[in-house]
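*Asks:* Let me give you the structure first, and then I'll get to my questions.
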Amino acid sequence: MKPAAMIPTGEATLGPFFPPRYVDEGANDLTVFEGRKAKGEAIEIRGSVIQEDGAALENLIVEIWQPDAGGIFRHPADPRHAQADPDFLGWGRAATDGRGSYVFRTIRPGAPEGRAPHINFMVMFSGLMRILKTTMFFDDGLDVVLSAVPVARRELLIARKQGPNSYRFDIRLCGDGETPFFDD
Amino acid sequence: MLSIAHDDARMTTLIEPRDERSQPARIVAGYPQTPWRNPAQPLVARRPTLSELTGPMEVARRVRLLGGDIAGHGDRQAIGQLIHLRVRVLDEDGAPVGGALVEMWQANGAGRYSHPNDDDHAPVDANFYGAARLVTDASGAFELRTVKPGAYPVPTNDGWWRPPHVHFSLFGRVWLSRLVTQMYFPGEPLNAQDRILNAVPDVAARESLIARYVPPTGNPHDALVFEHRIVLRGRTATPEQS
């Protein structure tokens, strides 16, 4: 806990002043791209982003980057990218609502070569001096990035299954249960 | 550009880390939100894989481009000092990054954002929305026509004012080169006391966040010109500023 002399959350807030239309309508839905449906199994990922005192953060920007259902990245560096799903961009953006919650609809990613299925996350917000990057996993299977995280903290990167196609991935910026972020 | 090679050894050599001295502190004295929002645990080092060495290159197909002329149109001109910002986006080797999506937002000439949360002190300018979104040309360049943003007081109410600045969000070619930063103006007295700019310890890195004033040449005849350079990655990367 911080000393009581700290200015309470919500007062002295500097921004965020991302333009009101910074998050385009539908930018959090990766299952459809330019009117066409992506291949694969649609899933929903929800979560809250909270700061040290547990306060929910509104209008925080969350972005994701992931491979398609076949584990292929839509990028020329992926040797298989010619076979990437043309109807899947792999990128999305959401803003948290008044309860600090974001939601993405996306396609369950396949396993890229040498990696377990995962989704890259990035968050940006005022008072975060630098953007933060983390990675969400679906289970605790072997993965080179997950293995880089101290054992006791690995579970914090594993989404909690809420239903057959529904996951929860909370992001705690600081404090107890702090999400592991990567030094990129 | 960052390596798109597939053998691990080469990737490792080409991914230069950012120089920590040229990046802002995460906890900033006098910026009361920072101890609540920035990680207390050390960040986890990872060796980049294809997942981090790829990234969205076609975001411009997913978001609405707003162009780079945000100073108004016809007889509906924003109020303020008309300026042109000429910016080049480079990778860690100094090579231009063409086709990069750039998002920019700023306060109006009076120091107010077009945002419902900014209800502080200064008037709204109905002719100024305050956000641009465009793609760099093949030489990594883009130009913005805007008005110089005003300074504004921070609600810490202890004398901290943000100097005139603009926010940039950029997508390079890979996930590791995603950059969110700010640009400042030369000769502004408030630069010396800004807690965000001065969170960057290295003097040269701080100065790299300040645009260069270009003496007027008559072209354009109606606007002041500033030049700026943004380096997405590596040891000479432009400092992050969220």
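In order, the protein sequence lines correspond to chains R and Y. Everything in the first sequence is counted per the working numbering, starting at 109 for the first residue and increasing by one. Everything in the second sequence is counted per the working numbering, starting at 13 for the first residue and increasing by one. Idealized CB from N, CA, C, for every residue including glycine.
#1: Over what stretch of residues does the beta strand (DSSP E) that includes T46(Y) continue unbroken?
#2: At the 8 Å Cβ level, is P194(R) part of the contact set with chain Y, yes or no?
#3: Closer than 7 Å, Cβ to any Cβ of chain Y: which residues of the region 166–181 of chain R, in chain order?
#4: Please determine if the region 217–236 of chain R and the region 45–60 of chain Y are in contact, where contact requires at least 3 C-beta pairs separated by less than 8 Å.
#5: Using a Cβ-Cβ cut-off of less than 9 Å, give me the residues of the region 50–65 of chain Y that come near chain R, in sequence order.
#6: For D137(Y) versus A122(Y), is the C-beta distance shorter than 8 Å?
#7: Scan the region 72–128 of chain Y and note each continuous beta strand (DSSP E) run of 3 residues or more that stays entirely inside, going in chain order.
#8: Any Cβ of chain Y within less than 8 Å of the Cβ of A260(R)?
#9: Rounded C-beta distance between T193(Y) and F180(Y)? I'm assuming under 8 Å.
#10: Could you tell me which chain Y residues have their CB closer than 9 Å to the CB of L281(R), listed as they occur along the chain?
#11: Could you check where the alpha helix (DSSP H) with V259(R) kicks off and where it finishes?
#12: Is any beta-carbon of chain Y found at less than 8 Å from that of M232(R)?
#13: Against chain R, with Cβ distances strictly below 8 Å, would R22(Y) count as a contact?
#14: Taking the alpha carbon of D132(R) as the reference point, which residue from S34(Y), R73(Y) and G42(Y) has its own alpha carbon closest?
#15: List, in order along the chain, the chain R residues whose C-beta lies closer than 9 Å to that of Q35(Y)?
#16: Touching or not, the region 157–168 of chain R and the region 258–276 of chain R, by the rule of three or more beta carbon pairs under 8 Å?
#17: Would you say D132(R) faces chain Y, with C-beta separation under 8 Å as the test?
#18: Tell me which residue opens and which closes the beta strand (DSSP E) that R276(R) is part of.
#19: Mind reading off the beta-carbon distance from R261(R) to L254(R)? Whole number of angstroms is fine, and I expect it under 8 Å.
#20: Would H96(Y) count as contacting chain A if we go by Cβ distances under 8 Å?
#21: Give the secondary structure of H240(Y) by DSSP, where H, G and I count as helix, E and B as strand, and everything else as coil.
#22: Which residues of chain R have a Cβ atom closer than 9 Å to the Cβ of N120(Y), listed in chain order?
#23: Are the Cβ atoms of P108(Y) and V114(Y) separated by less than 8 Å?
#24: With DSSP run on the structure shown, which of helix, strand or coil describes E155(Y)?
#25: Let me see if you follow: with CB-CB separation under 8 Å, is V140(R) close to chain Y or not?
#26: Relative to the C-alpha of E200(Y), which residue among G162(Y), G111(Y), P44(Y) and A249(Y) is closest?
#27: Around the C-beta of V166(Y), are 16 or more other C-beta atoms found within 10 angstroms, so that it is buried, or is it exposed?
#28: If you run the structure through DSSP and keep just helix, strand and coil, what is N203(Y)?
#29: Mind reading off the beta-carbon distance from A202(R) to Y210(R)? Whole number of angstroms is fine, and I expect it under 8 Å.
#30: Within 8 Å of any Cβ in chain R, is that where the Cβ of H18(Y) sits?
#31: Give a yes or no on whether the minimum CB-CB distance between G249(R) and chain Y is below 8 Å.
#32: Checking 8 Å against the spacing of the C-beta atoms, do D292(R) and E64(Y) come in under that value?
#33: Name the DSSP beta bridge partners of T89(R), please?
#34: Who are the Cβ neighbours of R124(Y) in its own chain at under 8 Å, not counting the five residues just before and after it?
*Replies:* Concretely, from the data shown:
#1: Membership of T46(Y) in any beta strand (DSSP E) is not indicated; the residue belongs instead to the alpha helix (DSSP H) covering T46 to R49.
#2: no
#3: W173 and F181
#4: yes
#5: Under the 9 Å Cβ criterion, the region 50–65 of chain Y contributes N50, P51, A52, Q53, P54, L55, V56, A57, R58, R59, P60, T61, L62, S63, E64 and L65.
#6: yes
#7: 94–102 and 113–118
#8: no
#9: 5 Å
#10: W48, R49, N50 and P51
#11: According to the DSSP assignment, V259(R) belongs to no alpha helix (DSSP H), since it is labelled neither H nor E.
#12: yes
#13: In this prediction, R22(Y) has a pLDDT of 39, which is less than 50 and means its spatial position is unreliable; what the coordinates show is noted afterwards. Chain R, which has no Cβ nearer than 8 Å to the Cβ of R22(Y), makes this no.
#14: R73(Y)
#15: M237 and R238
#16: no
#17: yes
#18: S274 to R276
#19: About 10 Å; that fails the 8 Å criterion.
#20: Checking the listed chains, one finds no chain A in this structure; the protein chains it contains are R and Y.
#21: strand
#22: In chain order: nothing, as chain R lies at least about 11 Å away.
#23: no
#24: It is a strand residue.
#25: no
#26: Cα-wise, what sits closest to E200(Y) is G162(Y).
#27: With 16 or more other Cβ atoms from the protein chains shown falling within 10 Å of its own Cβ, V166(Y) counts as buried.
#28: Look at N203(Y) here: in three-state DSSP terms it is helix.
#29: Yes, they are in contact, since the Cβ atoms of A202(R) and Y210(R) sit about 4 Å apart, within 8 Å.
#30: At H18(Y), the pLDDT of 40 sits below 50, so the modelled position is not reliable; the number obtained from the coordinates is stated separately. Answer yes: the Cβ-Cβ gap between H18(Y) and chain R drops below 8 Å somewhere.
#31: With 8 Å as the cut-off, G249(R) does not count as an interface residue toward chain Y.
#32: Result yes, Cβ atoms of D292(R) and E64(Y) sit closer than 8 Å.
#33: Only positions 109 to 292 of chain R appear in the structure, and residue 89(R) is not among them; the question remains open.
#34: D130, D132, H133, A134, P135, V136, D137, G162 and Y164
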